[in-house]
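Working notes for the structure below.
Number of protein chains: 2
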Amino acid sequence: MEGTYKTVRALERGLEILFELNKIGRATPAQLSKATGIDRTTTYRLLHTLAAQGLVGRSPAEDSFYLLRDTRRLSDGFIETDQVLWLAGVELGKMLLKVQWPSDYATFDRGTMLIQETTHRFSSLSVHRNMVGRRRTLFSSALGRAVLAGATDSEREMILQITESSLGRPAPRNIDSLLEDFHQRGYTWSVGGSEGHISAIALPIKGKDRVVGAVNIVFFRRASTPEEIAEKHLDSLKSCVAAIEAGITKTAEDTRSLHGPTPESS
Amino acid sequence: MEGTYKTVRALERGLEILFELNKIGRATPAQLSKATGIDRTTTYRLLHTLAAQGLVGRSPAEDSFYLLRDTRRLSDGFIETDQVLWLAGVELGKMLLKVQWPSDYATFDRGTMLIQETTHRFSSLSVHRNMVGRRRTLFSSALGRAVLAGATDSEREMILQITESSLGRPAPRNIDSLLEDFHQRGYTWSVGGSEGHISAIALPIKGKDRVVGAVNIVFFRRASTPEEIAEKHLDSLKSCVAAIEAGITKTAEDTRSLHGPTPESS
DNA sequence: CAAAACTGTGCACTTAATGCACAAATCTGT
DNA sequence: ACAGATTTGTGCATTAAGTGCACAGTTTTG
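Chains F and P, in that order, are what the protein sequence lines are. Numbered by our numbering, the letters in the first sequence go through residues 880 to 1145 in order. Numbered by our numbering, the letters in the second sequence go through residues 880 to 1145 in order.
In structure tokens form, the structure reads like this:
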């Protein structure tokens, strides 16, 4: 990412052939060579390498290669939320430039909020590091409260059920005051949170039809109050959330196009 | 495929990293290096190459890499029928050894039968070549008749509608006699087909809940009759079809397992 | 049946992938 | 808060490994 690096050509070319095969659906080595501009024999050998990996197969009758089921091994590990992760990281970075305080992006995961991305490392106003992977409670953290506030009624019910079953104890059901507070203020908050000296405000991130996660701004309890921070930085937080949400709907829109093999008839 | 070739290592290694990333979901260069056994700096550079292609992204905050949506470009071109294609090619090859006559595997595609795989090239009893991509009619070819015969009622209705709309003329609706003939004989047939001197018998290939295509045996009209060929080779044809169908259900069964990223909590 | 196109493989060339080495940054434990 | 341990990023020399030419064999075209 830093200095644009010298890339590995053999890998690039192999991938290029895979891309091409995905477009065409079926092709001979010569066709692929023409399409990619890679020398024919090189194409041939790259195809063999791909075949050895079980990614492409060759028709026993025709000379053409095509994709095999195992190509899924290259992409099945991808999950939608990863895309959001990238976005969140970028936007959090931008926000840090305006707001000095660090912030986290977290998702609801099995009863608690799982921090997925953070700018703690880059903020001079943070003592924490290694935030990613840590968890915050659903009820007492600003992040958790934001998710609860951003959820639809049915979604919230599901979240509460999951939380109860994974925590093994009943969840506090006085959510109403929390929701009211959120609608009044426009954000959720917590004071003296996880370690007694940390406070935060947070907003939910909403996807197409569900709450994806939440983003917060973290500050020292003795340094300021939620109200003061909100006054100064809520707009930044809001536009950060908006940017992430925009990215989500954008990636959701571009429906992946499957193109079947449509050889020309004679 | 022939002599196991010298594979391209750089490509293999890059793919290995992608595989690993698909398993783990999220990893630092060092982790990937350990997991794959590839030198750390090499791993690092391969990751950069993958990143340059837009396949993986790197968290701006954390050091870990993860997959991006574009990994789908590596596999979206794959279609289920391709898997069948490979199978069909192999099985047709096997059948050719027993039955001297050439045979084709074809699928229904926009109103006609599209030949996808063939052993014409390898049969000494064929004058044709370049069969793949050619088309046979739905009503007068053994292949087409086999698909009609193998379809369920609702499926057949769909096939007929598609055919009518793409041919622009009404389809013959006297299918009943065809079906009756099929159930009586156990195969479909055509005499003096596409070019006057070619005959064939055929069987449908059925997938989980739909007709996938059909396989035929082709012979010279003056050399034999459908009845004679069926007597000699229908068993071979049947076991060929059975092998392909077995392969289809097998690949359909192995449901692809998606594994989400489940980072450990602190 | 001759010409053109394509496939498969050996081989020589030198590009380009690789891993070591080192500096810088980051994390960990006390 | 500080020192040791771990990890990251990059330059560079080495040579392994990717690449394309050449040629023989096969297939397709006209």
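For every residue, glycine included, the Cβ atom is placed at its ideal position computed from N, Cα and C.
Do you know how far the Cα of residue j is from the Cα of residue i?
i, j, result
"G916 of chain F", "E1106 of chain P", "52 Å"
"S1033 of chain F", "I1096 of chain F", "27 Å"
"S938 of chain P", "G936 of chain F", "35 Å"
"L934 of chain P", "T1128 of chain F", "20 Å"
"T986 of chain F", "L1004 of chain F", "23 Å"
"I1077 of chain P", "G904 of chain F", "31 Å"
"L900 of chain F", "A1125 of chain P", "27 Å"
"I1123 of chain P", "R1052 of chain P", "30 Å"
"E1059 of chain P", "R1024 of chain P", "12 Å"
"V1090 of chain F", "A1028 of chain F", "9 Å"
"V969 of chain P", "Y945 of chain P", "38 Å"
"L1116 of chain P", "T1067 of chain P", "12 Å"
"V887 of chain P", "R924 of chain F", "7 Å"
"Q932 of chain P", "I958 of chain F", "18 Å"
"W965 of chain P", "L929 of chain F", "16 Å"
"L1082 of chain P", "E1043 of chain P", "23 Å"
"G1072 of chain P", "S1019 of chain P", "7 Å"
"K902 of chain P", "G956 of chain F", "6 Å"
"W980 of chain P", "D918 of chain P", "54 Å"
"K973 of chain P", "K1087 of chain F", "51 Å"
"D1055 of chain F", "A914 of chain P", "48 Å"
"S1118 of chain F", "S1045 of chain F", "34 Å"
"K885 of chain F", "V963 of chain F", "28 Å"
"H1112 of chain P", "G1075 of chain P", "22 Å"
"S1114 of chain F", "G1065 of chain F", "Reading the sequence as shown, one finds Asp at residue 1114 of chain F and not Ser. Between D1114 of chain F and G1065 of chain F, the C-alpha separation is close to 11 Å."
Could you tell me if residue i is buried or exposed, where buried requires 16 or more neighbouring beta carbons within 10 angstroms of its beta carbon?
i, result
"G1047 of chain P", "exposed"
"V978 of chain P", "buried"
"F1099 of chain P", "exposed"
"H927 of chain F", "buried"
"S1144 of chain F", "Low local confidence applies: a pLDDT of 29 at S1144 of chain F is under 50, so the model's placement there is unreliable, and no value is given."
"A909 of chain P", "exposed"
"D961 of chain F", "buried"
"S912 of chain F", "buried"
"L890 of chain P", "buried"
"Q995 of chain F", "buried"
"A906 of chain P", "buried"
"G1092 of chain F", "buried"
"I896 of chain P", "buried"
"Q1040 of chain F", "exposed"
"D988 of chain P", "buried"
"A1102 of chain P", "exposed"
"L976 of chain F", "exposed"
"R1015 of chain P", "buried"
"G893 of chain P", "buried"
"H1062 of chain P", "exposed"
"R1135 of chain F", "Any reading at R1135 of chain F must be qualified, since the residue scores a pLDDT of 30, below 50, and its modelled position is unreliable; the value itself is stated next. R1135 of chain F comes out exposed."
Do the CB positions of residue i and residue j come within less than 7 Å of each other?
i, j, result
"L984 of chain P", "V1120 of chain P", "Checking the sequence, you will find Tyr at residue 984 of chain P rather than Leu. Not in contact: Y984 of chain P and V1120 of chain P (Cβ atoms no closer than 7 Å)."
"A1021 of chain F", "S943 of chain F", "no"
"A1050 of chain P", "I1038 of chain P", "no"
"T997 of chain F", "V1011 of chain F", "yes"
"I1084 of chain F", "A1109 of chain F", "no"
"S954 of chain P", "T950 of chain F", "yes"
"F898 of chain F", "R952 of chain P", "yes"
"S982 of chain F", "L971 of chain F", "yes"
So if DSSP puts residue i in a beta bridge, which residue, or which two residues, is it bridged to?
i, result
"D942 of chain P", "Answer is none; D942 of chain P lacks a bridge partner."
"M996 of chain P", "Rather than Met, the amino acid found at residue 996 of chain P in this sequence is Glu. DSSP lists P:Y984 as partners of E996 of chain P."
"G936 of chain F", "F:Y945"
"A906 of chain P", "P:F944"
"R1015 of chain F", "F:M992"
**Request:** Entirely within the region 1027-1105 of chain F and at least 3 residues each: give me those beta strand (DSSP E) ranges in chain order.
**Result:** 1067-1069, 1077-1085 and 1090-1099
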